[in-house]
Amino acid sequence: EADIYQTPRYLVIGTGKKITLECSQTMGHDKMYWYQQDPGMELHLIHYSYGVNSTEKGDLSSESTVSRIRTEHFPLTLESARPSHTSQYLCASSDPYKETQYFGPGTRLLVL
Amino acid sequence: ILNVEQSPQSLHVQEGDSTNFTCSFPSSNFYALHWYRWETAKSPKALFVMTLNGDEKKKGRISATLNTKEGYSYLYIKGSQPEDSATYLCAFNDYTDKLIFGTGTRLQVFP
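Residue numbers (our numbering), protein chains in the order written: chain B, 614 to 725; chain A, 2 to 112.
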């Protein structure tokens, strides 16, 4: 069973605040991903990393930034939250031998 | 633009009914097709990863087939149970290993 954690699970915050969504995995996976999902829509890749000090933007443009200083940790930051950032954010990591992505439970973000 | 489509969007069935969903994906540059099961308030969990045309995979009452030439996959659930209620996502990846997801099929099984 894969272990990937996200905190917080739910966040309600005012416009202009800086927020960091945490993602950690204990499986030693090099590849990690952030997805964004609006209600009724697909999961869209917004950031990914192939290892420490490697980060790339995904197919969906996002104002968020990510960092990968440690293998197990892949936080996502919004410097100044806006109502348009209201969404669900899911973190995932992948096993190179099984081609499967393992997902965290997600963070539901509401920006007022 | 890579597009993955799933149908139906939602499905309501009685316990014991069998059901199936469809996933359509680009037939060019195919590498793998993934099926995930996503229960409310939980993490999406991988059901199947399929790579070969004609592949059939089975896990208990759930099975899936793959046609890479025409770009579709079917997911079947035999004898649906209330615990099968979830959103079923399919995702396509080409050789870049980035997953392109469909919007999912939301299944509700009533006792």
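Note that beta-carbon positions come from the ideal geometry of N, C-alpha and C, so glycine has one too.
From this set, the options, which residue's C-alpha is nearest residue i's C-alpha?
| i | options | result |
| --- | --- | --- |
| Gln638 (chain B) | B:Ile626, B:Phe687 and B:Val665 | B:Phe687 |
| Thr628 (chain B) | B:Ser667, B:His698 and B:Arg681 | B:His698 |
| Tyr89 (chain A) | A:Asn21, A:Gln15, A:Glu71 and A:Pro27 | A:Asn21 |
| Asp95 (chain A) | A:Lys46, A:Asn68 and A:Ser28 | A:Ser28 |
| Glu6 (chain A) | A:Gly17, A:Leu12 and A:Thr23 | A:Thr23 |
| Ile626 (chain B) | B:Glu655, B:Gln619, B:Ser700 and B:Ser680 | B:Ser700 |
| Asp56 (chain A) | A:Gly105, A:Ser44, A:Tyr73 and A:Gln15 | A:Tyr73 |
| Phe102 (chain A) | A:Ala92, A:Leu108 and A:Gln109 | A:Ala92 |
| Tyr32 (chain A) | A:Pro112, A:Thr104 and A:Thr97 | A:Thr97 |
| Thr720 (chain B) | A:Ser25, A:Thr52 and A:Ser44 | A:Ser44 |
| Lys79 (chain A) | A:Val110, A:Val50 and A:Gly105 | A:Val110 |
| Leu53 (chain A) | A:Pro83, A:Ser81, A:Thr66 and A:Gly105 | A:Thr66 |
| Glu84 (chain A) | A:Thr104, A:Pro112, A:Thr69 and A:Lys60 | A:Pro112 |
| Lys644 (chain B) | B:Arg695, B:Pro718, B:Leu691 and B:Glu669 | B:Glu669 |
| Asn30 (chain A) | A:Gln82, A:Lys70, A:Lys46 and A:Tyr75 | A:Lys70 |
| Pro696 (chain B) | B:Val679, B:Ala705, B:Leu725 and B:Pro652 | B:Leu725 |
Give me the Cβ distance between residue i and residue j, rounded to the nearest whole Å; I'm assuming they're in contact under 8 angstroms.
| i | j | result |
| --- | --- | --- |
| Tyr77 (chain A) | Ser86 (chain A) | Actually they do not touch by this definition, with Cβ atoms about 16 angstroms apart. |
| Ile617 (chain B) | Phe716 (chain B) | 7 angstroms |
| Gln15 (chain A) | Arg107 (chain A) | Between Arg107 (chain A) and Gln15 (chain A) the Cβ distance is about 16 angstroms, and since that is not below 8 angstroms, they are no contact. |
| Ser677 (chain B) | Leu689 (chain B) | 5 angstroms |
| Pro709 (chain B) | Arg622 (chain B) | With a Cβ gap of about 28 angstroms, Pro709 (chain B) and Arg622 (chain B) do not count as contacting. |
| Met51 (chain A) | Lys60 (chain A) | The Cβ separation is near 12 angstroms, so there is no contact. |
Is it the case that the Cβ atoms of residue i and residue j are separated by a distance below 9 angstroms?
| i | j | result |
| --- | --- | --- |
| Leu48 (chain A) | Arg62 (chain A) | no |
| His642 (chain B) | Ser707 (chain B) | yes |
| Tyr663 (chain B) | Gly671 (chain B) | no |
| Leu656 (chain B) | Leu3 (chain A) | no |
| Leu723 (chain B) | Leu624 (chain B) | yes |
| Arg681 (chain B) | Ser667 (chain B) | yes |
| Thr713 (chain B) | His13 (chain A) | no |
| Ser19 (chain A) | Ser8 (chain A) | no |
| Gln619 (chain B) | Cys636 (chain B) | yes |
| Tyr646 (chain B) | Leu634 (chain B) | no |
| Met640 (chain B) | Thr104 (chain A) | no |
How about residue i: is its Cβ closer than 8 angstroms to a heavy atom in the ligand SAM?
| i | result |
| --- | --- |
| Thr104 (chain A) | The model depicted lacks the ligand SAM and carries no ligand whatsoever. |
With 9 angstroms as the limit, tell me which residues of the region 37-59 of chain A have their beta carbon closer than that to any beta carbon of chain B; keep them in chain order. Tyr37, Trp39, Ala42, Lys43, Ser44, Pro45, Lys46, Ala47, Val50 and Thr52
If the cut-off is 8 angstroms on Cβ atoms, which residues from the region 712-724 of chain B count as contacting chain A, listed in chain order? Glu712, Thr713, Gln714, Tyr715, Phe716, Gly717, Pro718 and Gly719
For the region 98-111 of chain A, list every residue whose C-beta sits within 7 angstroms of some C-beta in chain B, in sequence order. Lys99, Leu100, Phe102, Gly103 and Thr104
Interface positions of the region 654-670 of chain B facing chain A (Cβ-Cβ less than 8 angstroms), listed along the chain: Met654, Glu655, Leu656, His657, Leu658 and Tyr661
Against chain B, which members of the region 61-74 of chain A pass a CB distance test of less than 8 angstroms? none
Which runs of the beta strand (DSSP E) at least 3 residues long sit entirely within the region 2-33 of chain A? Give them in chain order. 6-8, 11-15 and 20-25
In chain order, what are the residue ranges of uninterrupted beta strand (DSSP E) at least 3 long that sit wholly in the region 53-96 of chain A? 57-60, 63-68, 73-78 and 87-94
Which residues, taken in chain order from the region 11-33 of chain A, show a beta carbon closer than 9 angstroms to some beta carbon of chain B? Tyr32 and Ala33
In the region 672-709 of chain B, which residue ranges form an unbroken beta strand (DSSP E) of at least 3 residues, counting only runs that do not cross its ends? 689-691 and 700-708
Which runs of the beta strand (DSSP E) fall wholly inside the region 631-659 of chain B and span at least 3 residues, in chain order? 632-638 and 644-650
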